[in-house]
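Reading the sequence shown from the start, the letters are residues 2 to 448 in my numbering.
Structure, as structure tokens:
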Amino acid sequence: MGNEASTSNNVKRSGIPIDVTLRPPPDLVVDSVSGPYAAGSGTQVTVSWEGLNQGANNPLESSWQDEIYISTLDTFNQSQVTSMATRNKYNGDQLNAGREYDHTATFTLPNGISGQYYLYAEIDDHDDVFEYTYENNNITRSIAPIDVFLSDYPDLTVTNITLPDTMVGGQTATIYWSVKNVGIDSADASWRDRLYMYQDTSWQPANAEKLSTIQHASALDSGMTYIDSAVVQVPTNLSGTQYVFSYTDINDDVYEYNFEGNNRKHSALFGDSTHVVQPPPAPPTYSDMVVDSIAPVASANSGQNVSVDYVVNNQGGDTSIANNWYDYLYLSDDTTLDVNDSIIAYQQRTKGRLHPGEDYAASLSGQLPNGISGTHYLFIHTDKTQNNYNDTLRSNNIRRTSFNVSLTPPTDLVVDTFSFQDSVVAGQQMQVPFTIENRGSGATQSA
């Protein structure tokens with residue numbers, strides 16, 4: 002306990018030692034492991050092995066895991082083997098001395114390998130079973146290796162790309178491409194083709210513009226071709242000479258041995274002229290509400306009203322879409338209008354739509370906060386609520402002017418005197434005369 006004065010006497014040893022006798026342990030070994038004589042890379046094989054307890058007793062542990070490896074070496078080297086399968090052994094505590102059990106595993110050989118591969122079976126691969134000094138005989142090799150031959154593989158390649166002579170940024174274009182399997186075996190997996198656009202024939206995936214990704218879900222036999230198409234949105238940030246790249250099996254879902262390098266082609270390789278991506282047409286400008294001018298503002302005192310005269314002009318080519326909108330007056334201590342600035346006034350303009358070239362003059366008045374001084378800025382934001390949704394240029398809807406704010410002499414109201422009656426009756430009114438004195442340098446403002 003935390004308040005115990007001494008803990009030195011909390012432990013006591015028995016007078017005589019305990020004599021512990023080691024229980025004769027089990028000894029798990031793989032009696033044999035075997036597989037097929039030959040198999041192709043990338044194909045399934047079935048391996049069988051026999052586990053044996055050649056120790057003096059059954060294991061006390063009820064379960065463990067066996068593991069199968071392959072290796073080109075005829076001596077087990079942990080860094081030179083490939084794990085292929087694991088199997089769990091249950092009811093292992095019933096494996097008495099001299100008893101055996103059989104296990105099988107089916108797995109797929111790695112793609113692209115060939116040559117002679119030995120099978121290795123390891124019993125109790127995580128050393129879950131206590132075997133005392135008999136842990137080093139848990140691995141057994143197959144007598145003969147599997148003769149692994151290189152299987153036939155598909156080879157997907159883009160053979161043609163067809164695209165329009167001219168594409169316009171921001172608009173759609175249809176692109177066609179064809180993919181042929183020039184390999185010996187069929188391509189059975191599902192894979193994806195991807196279209197890119199880039200300004201050069203060299204492949205720069207980090208800089209290329211991705212256009213579209215298309216899923217291909219059907220098999221492609223050896224020698225066969227498919228034609229696919231995609232309607233793509235032409236990027237608006239590109240112009241001039243560009244090249245379209247078609248990249249089949251973009252994620253390498255189809256194993257093609259050493260033939261992955263021909264999965265990509267670009268349009269100029271097939272006799273097509275290079276294609277000019279025209280910049281997108283400029284968006285039409287409709288109405289354009291502009292704060293054309295702000296009259297200079299004289300100096301003001303903190304806590305008092307300030308008035309701003311301004312003119313708004315429609316500099317666009319069309320009439321404003323709205324009949325009315327709101328103009329706002331903001332106060333800021335810097336030249337940038339942001340969410341930290343205060344709205345001190347706003348008003349609704351209700352005189353109908355504003356035609357091109359027309360303007361209106363208006364005034365907004367608001368009260369300055371108490372306690373401020375120095376250079377400040379007044380911002381007029383016309384149509385702040387964006388009633389004129391056909392105004393396509395919003396950056397000129399705001400204009401500012403600077404002015405100087407002087408600190409208004411502060412007041413200091415103090416309760417100068419007050420008094421109570423000597424005695425009062427509960428439940429009745431009482432009068433408390435008092436006087437208030439302004440000890441500050443400024444006068445109070447009327448409510």
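Virtual Cβ for every residue (Gly too), placed ideally from N, Cα, C.
Treat the numbers as computed from the prediction; the structure is a model and nothing was measured.
What residue range does the beta strand (DSSP E) around residue i cover?
i    : result
E132 : Run containing E132: none; DSSP gives neither H nor E here.
Q216 : E210 to H217
I185 : I185 -> no beta strand (DSSP E), and no H or E assigned at all.
Q348 : S343 to R350
H356 : Looking at the DSSP string, H356 is not in any beta strand (DSSP E), and its letter there is neither H nor E.
W192 : W192 to Y199
W65  : W65 to S72
M290 : M290 to I295
E438 : F435 to N439
A98  : Neither: A98 is in no beta strand (DSSP E) and is coded neither H nor E.
A39  : A39 to G41
For residue i, write down the residues that DSSP places opposite it in a beta bridge.
i    : result
N324 : Paired residues: none, contrary to the question.
H267 : F246
E51  : S33 and D103
Y227 : V180
D310 : S364
N89  : Q66
L414 : N439
L330 : A346 and I381
F419 : F435
S240 : Answer by DSSP bridge pairing: none, since S240 is not bridged.
Q234 : T173
N315 : M290
S84  : Y70
CB residue i to CB residue j, shorter than 7 Å?
i    : j    : result
M198 : L221 : no
G99  : S63  : no
E51  : E101 : yes
S300 : N405 : yes
T173 : V232 : yes
R459 : N324 : The question about residue 459 has no answer, for the chain in this structure spans 2 to 448.
Y125 : L29  : Just to set this straight, residue 125 is Asp in the shown sequence, not Tyr. Their beta carbons are under 7 Å apart, which means D125 touches L29 by this criterion.
G41  : S152 : yes
G113 : Y258 : yes
F435 : V415 : no
A362 : V307 : no
D392 : D289 : yes
L365 : A346 : yes
P410 : S442 : yes
N263 : T337 : no
N161 : S223 : no
T44  : E68  : no
L379 : S303 : no
D328 : Q348 : yes
R193 : T175 : no
L355 : S403 : no
With 16 as the cutoff for other CB atoms within 10 Å, does residue i come out buried or exposed?
i    : result
A188 : buried
Y119 : buried
S72  : buried
F246 : buried
K352 : exposed
G56  : buried
P146 : buried
T249 : buried
Q117 : exposed
L164 : buried
I437 : exposed
P25  : exposed
R474 : With the chain running from 2 to 448 in the structure shown, residue 474 is simply not present.
S274 : Legend: pLDDT at S274 = 45, less than 50; position of this residue unreliable, no value from coordinates given.
T141 : buried
Y177 : exposed
V31  : buried
T383 : buried
Q243 : buried
L23  : exposed
Y121 : buried
E359 : exposed
L53  : buried
M168 : buried
I'd like the ranges of any beta strand (DSSP E) spanning at least 3 consecutive residues and lying wholly in the stretch 110-172. 116-123, 140-142, 147-150, 157-163 and 167-169
Could you pull out every unbroken beta strand (DSSP E) segment of at least 3 residues lying fully inside the stretch 369-407, listed in chain order? 375-382 and 399-407
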